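Have a look at the structure below, then the notes.
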Amino acid sequence: MVEDSDFEPYIVCFACNWCTYTGSDQAGVSRMQRPADVRIIRLMCSGRMEPRYAIEVLKNGADGVIIGACHLGDCHYLEGNEKAVRRFSVINSFIKQYGMNPKRFQFWHISASEGAEFTEHIKEYVTELKKIGPNPRKHIAAKEFKKLEEVVI
Amino acid sequence: MSLERPKPRVAVYICHCGKNIADVIDMDEITEYAKHIPNVALAKNYKFMCSNAGQDLIAEDLKSGKVDRVVVAACSPLMHEETYRRVLRENNFNEFFFEQANIREHASWVNLRDHKGAMEIAKDHVKMAVAKVSNDRPLIRQKVEVTQEALIVGAGITGMFATLDLANKYKVHLVERTPTIGGHMAQLDKTFPTMDCSACITTPKMVEVGRHPNINLLTYSEIENVDLNVGNFEVQVRKKSRRINHLICTGCGACGEVCPITVPNEFDYNMGYRRAAYVPFPQAIPAQYTIDIKNCIECKLCVDACEVNAIDFNQEDEIIDLKVGSIIIATGNDIFDPSKLYRYGYQKYKNVLIAIEMERLLSSTGPTLGKVIKPSDHKTPKRIGFLQCVGSRDFHEGTHKYCSRVCCMYAIKQARQFKEKYPDSEVFIFYIDMRTFGKGYEEFYEIAAREYGINFIRGRIGEVFENNDGSLIIRGSDTLLAEKYEIEVDMLILSTAIEARKDADEVSRFFGVQFSEDGFFMEAHPKLKPVDSLSPGIFIAGTCQAPRDIPDAVAQAKAAASSADNFMFSGEVEIEPYYSMVQPEICSGCRSCIPLCPYDAISFDETTNTADINAIKCKGCGVCVASCPSNAIIQNHFTRNQILSEVRALKPWENYIKEN
């Protein structure tokens, strides 16, 4: 693994529309500054998250993947986040099988009012990812780029 | 291939949002970048895309035929998605050929100093939006009929006004937890700044609510369960047993007279007493009695005393099923408990009271009939102090950072009332800032200082000590004179904060409303949708949303009522078509999706051996989509292709390879 604490981690967050996405909006409105490393993909519910997305993102060389869900019991769709929690452990075992560091895959409960918590979590996670180092798949992903490009759209 | 769709032609518009985005992200660079994303036909930037001129820009390009899909990179889609969709609709395009890239809340605002990083994120977000919009399909919103009835939760001043406004047009169910309507306002003696008698303006409204033929008043009742079908909410209400038949009870009070049990009266903030068979206060609506099951010893003296035989000890809780088209939540607030701020000595020293207790002492219907007395020796105090911002504008744990808005005014009001009753007394108000913001409030404050001779001292109290005779010594520092003070008073009143209800999370779970950081319910938009929740058809009003005074609460009640009216009036509501669909040709009939659906929307068709999703029941969470082993289920607008195309649009290796 490359020893490199200067690099900026590349994080993709799959956010539930009702809590984490709104919470991140709230962080924005309150101008809470965080490292510019997180791209947010909106899902209607964390239960929509498929293992494939997380693996695809990590395969492409991202350093971290986050699922942002409501707190247990607060799900807009009654129990979607509970299913997401169960699915998370499955995805986590996949990720280990693929030989990736399971810390690259996170499951956070962030409610719509917790912009500050979201920001703090991200700061901590970025520090942790810097310690872990860049995703070793980055170079391979770059080589596969041409092939991927054809599949994109 | 015959299935090949025409290549999408995407128009990308980048919004400056005044300077909100343009200050951080270089508009020309990102526009140039957007032009080179696959499928993009044109890219432009404009100062305010949400303005009329900005919308016209989109309309012109759509009309020219050069583009058929739109991406706007601007604020959060939760804010303006609807605005831009309307533009597409008005120009005869399907409104779902639109995506919004959030480059304000998620890029520029969170990276005000890191312009390069914000640019990278903005580029990625635009790229993802283009990829997603290229895979968008035309969708049609379904229409659902709306029940022409409304439910109001909480019968304080906010709930009552919302109810009265709606009741002229619709049948309204008003649910209240306590035995009477009226809320906190009924507990107050006078209201600032006009010094109206609170009861004189509340009770006529309470009577109106009680008598209105269109209002179904459910007091002593709680929400048991809510089924959140937009436009047709199914609500179960538990009407708690009062052990008195309200159809027969005349409210004569004979049962209360014979009842041997005395308990502290919650209405007087536990300073007065009531019986176990009681009405909270004489003007209560409904005026019929309630037997408090918790304290009743079942001596049944009241059964003999009741001349109309209204008392029924076998009465059970009743479950009432309601079907309503819209819901207004007006559950109100709690009062901050200052006993955890031990330095102020509440509940440690007898003569430290909180403002609501003082209010009851000042009230002519209160436990002392309007005579202010010291709890230690029941004598009238000569010198009293008010301490402001107890629990609000405080950064300690267990307190609140926000300003409760009403405390400055009610402290001045109580000080003036006290001075009017006892002109020889001395009154001190210890404050951080006097915030007298409303109409006529500043004048009210000025008169208090000039004509009533109330002493305003700027500086929070440091500590309170008790003398042997029960009087209190207050120490603190005057921040205007920059010197310490030590003042002796007979009584100290803590102006306590307004805080969110302790059981607000239960309400939030029932109705799916979100919380703000301060624990109050969150509105859909702080300025433009102040009474809407994020769920259509559910509105929030009054102090459950934020601390506010009576005029503001009433204004919100009326706003919520008119929004609810607006929602129900057309008789039908459009639902986001994000529901999921089974592709029967792929479905293997494994049935694994069926138990996962929380709404029972998936059924199994035995004849074709496939699952089938009821589009009306489906709320569009997508849990079944993610669980389908044969990928047979698709969720509209969030299809697997769309999310994967977003994922694949990202190139996480790019910058790293460049730098190393």
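Chain order of the listed sequences is V and X.
Counting from 6, one number per residue, gives the positions in the first sequence under the numbering used here.
Counting from 153, one number per residue, gives the positions in the second sequence under the numbering used here.
Backbone N, C-alpha and C fix where the C-beta goes; we use that ideal spot for every residue, glycine too.
If you're wondering where the values come from, they're calculated on a predicted model, not measured in any experiment.
How would you list, in chain order, the residues of chain X whose beta-carbon sits under 7 Å from the beta-carbon of V/N97? Near V/N97 there are no residues of chain X at all, since even the closest Cβ is about 15 Å away, more than 7 Å.
I'd like to know if the stretch 700-720 of chain X and the stretch 299-313 of chain X are in contact, where contact means that at least 3 CB-CB pairs between them fall below 8 Å. yes
Starting from the Cα of X/V296, find the closest Cα among X/D420, X/M733, X/V382 and X/Y185 and give me that residue. X/V382
Pick from V/P107, V/Y103, V/G104 and V/Q111 that is closest to V/V90, judged by C-alpha positions: V/Q111
Quick one: measure Cβ to Cβ for X/L513 and X/I525, integer angstroms, because I've assumed they're closer than 8 Å. About 7 Å separates the two Cβ atoms, so the contact holds.
Does DSSP put V/F123 in a helix, in a strand, or in coil? helix
Residues of the stretch 714-738 of chain X in Cβ contact with chain V at a cutoff of 7 Å, in chain order, please. Result list: Y730.
In chain order, what residues of the same chain have a beta carbon less than 8 Å from the beta carbon of X/Y198, not counting five sequence neighbours either side? Y165, I166, C167, H168, A205, G206 and L209
Complete runs of the beta strand (DSSP E) confined to the stretch 662-702 of chain X [at least 3 residues]: 690-692
Measuring CA to CA, which of X/E594, X/K531, X/M720 and X/N718 is closest to X/D621? X/K531
Can a CB atom of chain X be found closer than 8 Å to the CB of V/L77? no
Through-space distance from X/N287 to X/Q794, alpha-carbon basis: 6 Å
If you draw a straight line from the alpha carbon of X/A436 to that of X/G334, how long is it in whole angstroms? 8 Å
Which runs of the beta strand (DSSP E) spanning at least 3 residues fall entirely within the stretch 30-99 of chain V, listed in chain order? Runs found: 43-48 and 69-74.
Determine, using beta carbons only, whether V/Q38 comes closer than 8 Å to chain X. yes
Counting only the same chain and skipping the five closest in sequence on each side, list residues whose C-beta sits under 7 Å from that of X/V176. S260, N263, L264, H267 and A270
Check whether X/A482 and X/V305 have beta carbons under 8 Å apart: yes
How do the stretch 319-338 of chain X and the stretch 353-367 of chain X stand: do at least 3 beta-carbon pairs fall below 8 Å, yes or no? yes
Enclosing beta strand (DSSP E) for X/Y165 [first to last residue]: V162 to C167
Give me the subset of the stretch 773-792 of chain X whose CB atoms are less than 8 Å from a CB atom of chain V, sorted by chain position. C773, G774, V775, V777, A778, S779, Q787, F790 and R792
With the cut-off set at 8 Å, would you say X/E651 and X/N422 are in Cβ contact? no
Which residue comes first and which comes last in the alpha helix (DSSP H) that contains X/V359? DSSP places X/V359 inside the alpha helix (DSSP H), whose first and last residues are S350 to R363.
Nearest candidate by alpha-carbon position, reference X/V542, set X/K573, X/R602, X/I581 and X/R241: Answer by Cα proximity: X/I581.
Kindly list the residues whose CB is nearer than 8 Å to the CB of X/P490, restricted to its own chain and excluding five residues on each side of it in sequence; keep chain order. Y496, Y498, I506, V542, G543, L646 and T648
Hey, out of V/V70, V/I72 and V/E61, whose CA is closest to X/S797's CA? Minimum Cα distance to X/S797 is reached at V/E61.
Using C-beta distances below 6 Å, list every residue in its chain close to V/R44, excluding the 5 sequence neighbours before and after it, in chain order. V17
Determine whether the Cβ of V/G33 lies closer than 8 Å to any Cβ atom of chain X. yes
Exposed or buried, what is V/A59 when buried is set at 16 or more other beta-carbons lying within 10 Å of its beta-carbon? buried
Taking just the CA atoms, how far does X/N384 sit from X/L686? 17 Å
Hey, X/A429 and X/C451: beta-carbon distance below 8 Å or not? Taking 8 Å as the Cβ cut-off, X/A429 and X/C451 do not qualify as a contacting pair.
For X/I613, three-class secondary structure by DSSP: strand
Taking the runs of the beta strand (DSSP E) that are 3 residues or longer, which of them lie wholly in the stretch 522-587 of chain X? Scanning the stretch 522-587 of chain X for uninterrupted beta strand (DSSP E) segments of 3 residues or longer gives 535-542 and 578-583, listed from N- to C-terminal end.
Write down the C-beta distance between V/M49 and X/G664 rounded to the nearest angstrom, noting that I regard them as a contact closer than 8 Å. Going by Cβ atoms, the distance from V/M49 to X/G664 rounds to 13 Å, so no, they are not a contact pair.
Answer with buried or exposed for X/R743, where buried requires no fewer than 16 other C-beta atoms within 10 angstroms of its C-beta. The residue in question, X/R743, is exposed, as its Cβ has fewer than 16 Cβ neighbours within 10 Å.
Looking only at its own chain, which residues have a Cβ that is under 8 Å from the Cβ of X/P434, when we skip the five neighbours before and after it? T517
On a Cα-Cα basis, can you pick out the residue from X/V410, X/E459, X/I472 and X/T183 that is closest to X/N377? X/I472
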